[in-house]
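Peer 1: Have a look at this one.
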Amino acid sequence: MQLAANIADRTPWLAARLAVVRRSHAALAAIIALASAMRLYDLGHGHPGLAIYSAISKNAYTSFDNWLYPSVFVDGSFLADKPPVFFWIQGAFIAVLGPSNIALRLPAALTGIASVILLFVIVRRLHGTRAGLASALVMATMPMDANFSRGVFLEPVTTLTMLVAAYFVVRAVQERREGFFYVASAVVGLAFMVKLWQGLLPVPAFALMALFHRWTPWPRFVRTAAVCTAIALASGLWWPTMVWLTAGSYDAVMHSSSVWDMIFGWNLLDRFGGLEYGGTSYRQDPLWFVTGPLGVFFGIALIPGALIGIAMLARRRALGQAVLWLAWLGVAVAGFGPTSVKLASYWASVTPAVAALSGVGFVFMAEDRSRMKWLWPLLLLIAAVGFVYYAYAFGLARTTEGPFALSEFVGLLLALGFVIFAGTVVIQTVFPGFIGKREAPSLFVPAAIWVAIVLLNAQVAAVNILAPRTDTLGRIGFDMITVPSSEPERPIQTSRPRLRGAVITAIVRVEPENLDAALEYIQQNRGDSRYVLAADSYNTAARVALLTGKPVLPLYSEYQDTRVTDIDTLDALVHGGDVRFVLTSPLMQYMDRVLFSWMLGHAAEDLTNRFGLPRDEMRLLRIAR
Numbered sequence: 002m003q004l005a006a007n008i009a010d011r012t013p014w015l016a017a018r019l020a021v022v023r024r025s026h027a028a029l030a031a032i033i034a035l036a037s038a039m040r041l042y043d044l045g046h047g048h049p050g051l052a053i054y055s056a057i058s059k060n061a062y063t064s065f066d067n068w069l070y071p072s073v074f075v076d077g078s079f080l081a082d083k084p085p086v087f088f089w090i091q092g093a094f095i096a097v098l099g100p101s102n103i104a105l106r107l108p109a110a111l112t113g114i115a116s117v118i119l120l121f122v123i124v125r126r127l128h129g130t131r132a133g134l135a136s137a138l139v140m141a142t143m144p145m146d147a148n149f150s151r152g153v154f155l156e157p158v159t160t161l162t163m164l165v166a167a168y169f170v171v172r173a174v175q176e177r178r179e180g181f182f183y184v185a186s187a188v189v190g191l192a193f194m195v196k197l198w199q200g201l202l203p204v205p206a207f208a209l210m211a212l213f214h215r216w217t218p219w220p221r222f223v224r225t226a227a228v229c230t231a232i233a234l235a236s237g238l239w240w241p242t243m244v245w246l247t248a249g250s251y252d253a254v255m256h257s258s259s260v261w262d263m264i265f266g267w268n269l270l271d272r273f274g275g276l277e278y279g280g281t282s283y284r285q286d287p288l289w290f291v292t293g294p295l296g297v298f299f300g301i302a303l304i305p306g307a308l309i310g311i312a313m314l315a316r317r318r319a320l321g322q323a324v325l326w327l328a329w330l331g332v333a334v335a336g337f338g339p340t341s342v343k344l345a346s347y348w349a350s351v352t353p354a355v356a357a358l359s360g361v362g363f364v365f366m367a368e369d370r371s372r373m374k375w376l377w378p379l380l381l382l383i384a385a386v387g388f389v390y391y392a393y394a395f396g397l398a399r400t401t402e403g404p405f406a407l408s409e410f411v412g413l414l415l416a417l418g419f420v421i422f423a424g425t426v427v428i429q430t431v432f433p434g435f436i437g438k439r440e441a442p443s444l445f446v447p448a449a450i451w452v453a454i455v456l457l458n459a460q461v462a463a464v465n466i467l468a469p470r471t472d473t474l475g476r477i478g479f480d481m482i483t484v485p486s487s488e489p490e491r492p493i494q495t496s497r498p499r500l501r502g503a504v505i506t507a508i509v510r511v512e513p514e515n516l517d518a519a520l521e522y523i524q525q526n527r528g529d530s531r532y533v534l535a536a537d538s539y540n541t542a543a544r545v546a547l548l549t550g551k552p553v554l555p556l557y558s559e560y561q562d563t564r565v566t567d568i569d570t571l572d573a574l575v576h577g578g579d580v581r582f583v584l585t586s587p588l589m590q591y592m593d594r595v596l597f598s599w600m601l602g603h604a605a606e607d608l609t610n611r612f613g614l615p616r617d618e619m620r621l622l623r624i625a626r
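Under this note's numbering, the residue at position 93 of the sequence shown is numbered 94, and the numbers go up by one with no gaps.
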């Protein structure tokens with residue numbers, strides 16, 4: 002009888018608990034459905050984009066050597082400028098589905114969806130279910146995350162591996178089990194094997210979390226840290242060490258003199274030196290990630306949502322839990338801000354931290370609203386400043402087709418409303434009764450801030466998906482809203498970074514059917530030549546290699562501004578019958594006049610017009626022996 006009574010007493014509590022669980026599961030299912038729709042809708046549309054990584058992935062399963070030594074060309078001559086893990090994954094999809102847009106983009110889309118789910122799991126562990134749901138919703142609708150999850154990019158795979166490592170770090174500190182630190186360390190090495198240093202972005206945050214939650218004596222803690230370091234090094238460096246020890250298995254490394262130069266030079270030190278390419282429309286200052294084109298692509302997810310999150314975490318003194326997201330974001334700002342190579346892709350690996358801070362901020366603001374005094378009007382002012390920023394960002398895009406002029410107005414209206422509201426709260430606090438009594442803040446206020454942030458971000462993501470760009474950036478996968486450059490326009494001939502960018506993307510401005518026709522002719526008339534053709538750049542060569550599956554000879558590194566093949570070698574290959582055609586951008590005359598003059602001087606026939614190639618973008622020459 003007593004047992005029955007106890008069960009009866011607990012039945013209402015259990016029923017209420019089950020109802021909460023069902024609601025949270027339903028909300029998570031809706032968020033996953035939204036994230037999936039934004040990442041999978043019409044995924045196969047448009048141009049296949051830049052081909053370097055796609056060509057490497059296609060070659061990955063053609064032989065064991067090409068699997069172990071990823072190469073742009075099927076003959077394995079040039080080792081890739083990234084480790085092989087991404088190419089193994091994307092190559093498996095290509096092997097099953099063929100080299101279609103779907104096969105090329107599906108790995109990023111699926112890992113993007115998985116990252117939304119895993120972020121929910123991690124934030125729920127640290128900050129509760131509601132914060133987890135809010136964070137997942139932010140990430141699902143974030144324009145940058147949605148865009149990169151729809152392209153041929155390494156970043157979504159990198160992000161997922163970083164989140165897997167974060168999950169095990171969180172479990173380690175919550176359950177006080179050192180074994181999870183070791184698993185996380187192995188995954189950190191795997192993240193490094195996806196995109197090198199970008200995969201290590203949250204590692205300082207992991208170290209700080211372990212330090213804040215240390216439960217073992219210092220000697221044991223140091224020993225655990227040493228073991229973790231050894232595991233991460235073994236997991237991340239086994240491949241470059243093996244490649245270094247077997248250097249005779251390939252001819253050269255893209256952009257580098259060795260595999261170690263590729264890791265520490267090309268992919269790290271060069272990014273903070275004189276190397277410049279890409280991102281020429283960004284401001285040349287440390288805040289380039291929230292100004293100009295990135296304002297409406299990334300900045301509106303960061304401001305004011307993440308700022309409110311930081312303020313709320315400071316109020317709760319939840320540094321032990323918050324350090325994961327704060328350090329993740331802080332390292333990105335410190336590392337990517339001053340880089341000379343400005344790429345939007347850097348910030349795609351920061352989206353989990355931004356989403357978590359925004360989601361936690363909203364939930365904590367809603368939960369603590371009645372217990373805040375002066376922080377409440379301060380949060381309202383932060384929201385107001387954030388919506389002024391929205392007006393600035395959408396103002397840059399007001400001439401673009403879409404609802405952005407209205408969004409600019411909405412941002413200003415919200416900013417004005419929250420400034421007035423904050424001023425009213427301050428007056429009511431300082432002068433009680435002057436304009437009414439200060440009441441407990443309504444849930445409507447944080448909800449209004451949150452809904453505005455999510456809807457305006459989702460609007461940008463939806464426009465990017467439903468009305469993708471058709472210009473050069475759109476063709477290489479950056480379907481983000483067109484925003485005027487924040488830097489003064491200079492003639493392309495006088496700007497080396499712009500020249501590099503134009504040569505990198507020249508091949509994507511050639512219509513696929515025209516290029517296919519030209520390559521079919523070449524295949525029929527190349528005889529027994531070793532190479533399909535010689536190409537002006539890595540990107541041009543990669544596109545041809547992807548389409549033909551045959552070796553191509555790159556002549557120039559458009560990234561490092563230097564020749565890959567010297568003219569004497571080219572002469573010998575031509576006289577030996579190994580090169581009979583050249584595909585080059587006319588802009589090469591400004592990059593390397595001597596090489597371009599050699600190509601024109603040895604041309605027996607200009608086939609450009611015959612196949613409808615755009616003469617100002619790409620020229621096809623038959624070379625005389």
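Backbone N, C-alpha and C fix where the C-beta goes; we use that ideal spot for every residue, glycine too.
Nothing here was measured: the structure is a model prediction, and the numbers come from that model.
Would you kindly report the start and end of the unbroken alpha helix (DSSP H) that includes Ala307?
Peer 2: Here the question's residue 307 lines up with position 306 in the sequence shown. Run containing Ala307: 306-317, per the alpha helix (DSSP H) assignment.
Peer 1: Mind checking who Val583 pairs with in its DSSP beta bridge?
Peer 2: Translated into the one-based positions of the sequence shown, residue 583 becomes position 582. DSSP lists Ala535, Leu622 as partners of Val583.
Peer 1: Any idea what DSSP makes of Thr430, helix, strand or coil?
Peer 2: What you label residue 430 is simply residue 429 of the sequence shown in a count that begins at 1. Correct three-state label for Thr430: helix.
Peer 1: What separation, rounded to the nearest whole angstrom, lies between the Cα atoms of Thr12 and Phe445?
Peer 2: Taking the sequence shown and counting its residues from 1, one reaches residue 12 at position 11. Taking the sequence shown and counting its residues from 1, one reaches residue 445 at position 444. If I take the Cα positions, the gap works out to 32 Å.
Peer 1: If you draw a straight line from the alpha carbon of Ala90 to that of Ala392, how long is it in whole angstroms?
Peer 2: As a first step, residue 90 must be located in the sequence shown, where it is residue number 89. As a first step, residue 392 must be located in the sequence shown, where it is residue number 391. Ala is not the amino acid found at residue 90; the sequence shown has Ile there. If you take the alpha carbons of Ile90 and Ala392, they lie about 41 Å apart.
Peer 1: Counting C-beta neighbours from all protein chains within 10 Å, is the total for His128 16 or more, i.e. buried, or is it exposed?
Peer 2: As a position in the sequence shown, residue 128 is number 127, starting the count at 1. Buried is the call here.
Peer 1: With a threshold of 8 Å on Cβ separation, who are the neighbours of Gly300 within its own chain once the five nearest residues in sequence on each side are excluded?
Peer 2: Your numbering for residue 300 matches position 299 in the sequence shown. Once the five neighbours on either side are set aside, the close Cβ partners of Gly300 are Phe290, Val291, Thr292, Tyr390, Ala394.
Peer 1: Does the region 315-326 come close enough to the region 92-112 to have 3 or more Cβ pairs within less than 8 Å?
Peer 2: These segments do not touch.
Peer 1: Starting from Glu606, trace the beta strand (DSSP E) both ways and give me its first and last residue.
Peer 2: Residue 606 sits at position 605 when you count from the first residue of the sequence shown. Taken as a continuous stretch (DSSP letters only), the beta strand (DSSP E) holding Glu606 covers 604-607.
Peer 1: Measure from the alpha carbon of Ala227 to the alpha carbon of each residue in His214, Tyr251, Ala208, then state which is nearest.
Peer 2: Counting from one through the sequence shown, the residue named residue 227 turns up at place 226. When only C-alpha atoms are compared, the closest one is Ala208.
Peer 1: Using 8 Å as the threshold, is the C-beta distance between Gly424 and Leu308 below it?
Peer 2: Reading the sequence shown from its first residue, position 423 is the one you call residue 424. Reading the sequence shown from its first residue, position 307 is the one you call residue 308. Against a cut-off of 8 Å, the Cβ pair of Leu308 and Gly424 comes out as no contact.
Peer 1: Quick one: grab the DSSP three-state call for Ser37.
Peer 2: Working through the sequence shown from its first residue, we reach residue 37 at position 36. Three-state result, Ser37: helix.
Peer 1: In whole angstroms, what separates the C-alpha of Ala135 from that of Ala468?
Peer 2: Along the sequence shown, one-based indexing puts residue 135 at 134. Along the sequence shown, one-based indexing puts residue 468 at 467. Cα to Cα, the separation comes out at about 27 Å.
Peer 1: For the alpha helix (DSSP H) holding Met210, just list the boundary residues, first then last.
Peer 2: Position 209 of the sequence shown, counted from the first residue, corresponds to residue 210. From DSSP, the alpha helix (DSSP H) with Met210 extends over 204-213.
Peer 1: With burial defined as no fewer than 16 other Cβ atoms inside 10 Å of the residue's Cβ, what is the status of Leu320: buried or exposed?
Peer 2: In the sequence shown, residue 320 corresponds to position 319, counting from 1. So Leu320 ends up on the exposed side.
Peer 1: Going by C-alpha to C-alpha distance, which of Gly237, Leu556, Phe582, Ala503 sits closest to Gln524?
Peer 2: As a working note, residue 524 is residue 523 in the sequence shown. Per the Cα distances, Phe582.
Peer 1: If you draw a straight line from the C-alpha of Ser350 to the C-alpha of Val595, how long is it?
Peer 2: For the purposes of this step, residue 350 is taken as the residue at position 349 of the sequence shown. For the purposes of this step, residue 595 is taken as the residue at position 594 of the sequence shown. Distance between the alpha carbons of Ser350 and Val595 is about 41 Å.
Peer 1: Less than 7 Å between C-beta atoms, sequence neighbours within five positions excluded: which residues of the same chain meet that for Gln561?
Peer 2: The residue you call residue 561 lines up with position 560 of the sequence shown. Hits under 7 Å: His256.
Peer 1: Would you check if there are 3 or more beta carbon pairs closer than 8 Å linking the region 31-50 to the region 113-123?
Peer 2: Touching, per the Cβ criterion.
Peer 1: Given Arg316, which residues of its chain have a CB within under 8 Å of its CB, disregarding the five upstream and five downstream residues?
Peer 2: Numbered from 1 along the sequence shown, position 315 holds the residue referred to as residue 316. Closer than 8 Å at Cβ, skipping near neighbours: Phe365, Asp369, Met373, Leu376.
Peer 1: Let's test the definition: count the other Cβ atoms within 10 Å of the Cβ of Gln175 and tell me whether it reaches 16, buried, or not, exposed.
Peer 2: For the purposes of this step, residue 175 is taken as residue 174 along the sequence shown, with counting starting at 1. When all chains shown are included, Gln175 counts as exposed.
Peer 1: By the DSSP assignment, the alpha helix (DSSP H) with Pro157 in it spans what residues?
Peer 2: As a first step, residue 157 must be located in the sequence shown, where it is residue number 156. Unbroken alpha helix (DSSP H) run through Pro157: 156-176.
Peer 1: How big is the Cα-Cα spacing for Thr541 and Trp348?
Peer 2: By 1-based counting over the sequence shown, the position of residue 541 is 540. By 1-based counting over the sequence shown, the position of residue 348 is 347. Looking at the two C-alpha atoms, the distance is approximately 27 Å.
Peer 1: Report the residue from Phe154, Pro218, Leu407 whose alpha carbon sits nearest the alpha carbon of Val195.
Peer 2: In the sequence shown, the residue the question calls residue 195 occupies position 194. The shortest C-alpha separation from Val195 is found at Phe154.
Peer 1: Does the Cβ of Pro552 have 16 or more other Cβ atoms within 10 Å, making it buried, or fewer, making it exposed?
Peer 2: Position 551 of the sequence shown, counted from the first residue, corresponds to residue 552. With 16 or more Cβ atoms within 10 Å of its Cβ, Pro552 is classed as buried.
Peer 1: Select from Leu138, Pro71, Gly45, His46 the residue whose C-alpha is nearest the C-alpha of Ser25.
Peer 2: Along the sequence shown, one-based indexing puts residue 25 at 24. Of the listed residues, the one whose Cα sits closest to Ser25 is Leu138.
Peer 1: Tell me, please, whether the region 50-62 touches the region 503-511 by the rule of three or more beta-carbon pairs shorter than 8 Å.
Peer 2: Judged by Cβ distances under 8 Å, the region 50-62 makes contact with the region 503-511, as three or more pairs qualify.
Peer 1: Please name the residue in Gly249, Lys343, Thr247 whose C-alpha comes closest to that of Pro287.
Peer 2: Position 286 of the sequence shown, counted from the first residue, corresponds to residue 287. Measuring from the Cα of Pro287, the nearest candidate turns out to be Lys343.
Peer 1: Just tell me which of Pro305, Val427, Thr609, Arg125 has its CA closest to the CA of Ala416.
Peer 2: For the purposes of this step, residue 416 is identified with residue 415 of the sequence shown, where counting begins at 1. Nearest C-alpha to Ala416: Pro305.
Peer 1: How many angstroms separate the CA atom of Val297 from the CA atom of Gly77?
Peer 2: On the sequence shown, residue 297 is found 296 positions in, with the first residue counted as 1. On the sequence shown, residue 77 is found 76 positions in, with the first residue counted as 1. Taking the straight line from one Cα to the other gives about 41 Å.
Peer 1: Whose C-alpha, out of Ala535, Ser586, Trp267, Ser598, is nearest the C-alpha of Thr570?
Peer 2: Position 569 of the sequence shown holds residue 570. Ranking Ala535, Ser586, Trp267, Ser598 by Cα distance to Thr570 puts Ala535 first.
Peer 1: First and last residue of the alpha helix (DSSP H) that includes Ile454?
Peer 2: On the sequence shown, residue 454 is found 453 positions in, with the first residue counted as 1. Its alpha helix (DSSP H) spans residues 445-467.
Peer 1: Starting from the N-terminal side, write out each stretch of the alpha helix (DSSP H) that is 4 residues or longer and does not extend beyond the region 354-426.
Peer 2: Complete alpha helix (DSSP H) runs here, min 4: 376-397.
Peer 1: Counting Cβ pairs closer than 8 Å, one from the region 159-174 and one from the region 184-200, do we hit at least three?
Peer 2: Short answer: they touch.
Peer 1: How would you label Trp267, buried or exposed, when you count the other beta carbons within 10 angstroms and need 16 or more for buried?
Peer 2: The sequence position of residue 267 within the sequence shown is 266, counting from 1. It counts as buried.
Peer 1: Report the rounded CA-to-CA distance for Leu548 versus Ser150, giving the unit in angstroms.
Peer 2: Counting from one through the sequence shown, the residue named residue 548 turns up at place 547. Counting from one through the sequence shown, the residue named residue 150 turns up at place 149. In a straight line, the C-alpha of Leu548 is about 24 Å away from that of Ser150.
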